[in-house]
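Here the structure is laid out as structure tokens; the discussion comes afterwards.
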Amino acid sequence: MCAVAVLIVAARHPSLKPLAQILLWLVVISALVSAAQYFRRFWSHVDDSIKKRRRLRMLEARKKSEDAVPL
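Just so we're aligned: the sequence shown equals residues 7 to 77 in the working numbering.
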């Protein structure tokens with residue numbers, strides 16, 4: 007919000023334009039860092055789900071092979 011406010015004020019006071027640009031870049035950088043954190047957390051959740059599913063399938067396959075009656 008501060009970046010937008012400084013940007014609006016910079017329209018009338020050109021000396022504030024560099025400050026407004028710096029603040030906008032800080033907003034962009036913080037948004038990218040936040041997006042990376044969300045993606046990493048999401049990906050680890052997806053990875054855990056995949057590992058659990060594979061483990062369950064492996065256990066079910068092992069149980070089926072143990073339950074099979076030899077001929």
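Beta carbons: idealized from backbone N, C-alpha and C, even for Gly. This structure is a prediction, so every number in the text was calculated from the model and none was measured.
By Cβ distance below 7 Å, which residues in the same chain neighbour residue 15 in space, the five residues on each side in sequence not counted?
Here residue 15 refers to the residue found at position 9 when the sequence shown is read from its first residue. Within the same chain, residue 15 has close Cβ partners 22.
Examine chain C for any beta-carbon lying closer than 7 Å to the beta-carbon of residue 64, and answer yes or no.
Note that chain C does not occur in the displayed structure, where there is just one protein chain.
Tell me the DSSP secondary structure of residue 64 in three-state form.
Mapped onto the sequence shown, residue 64 falls at position 58. Looking at residue 64 - three-state DSSP - the assignment turns out to be helix.
Rounded separation between residue 50 and residue 8 - CA only
As a working mapping, residue 50 is identified with position 44 in the sequence shown. As a working mapping, residue 8 is identified with position 2 in the sequence shown. Roughly 34 Å separates the two Cα atoms.
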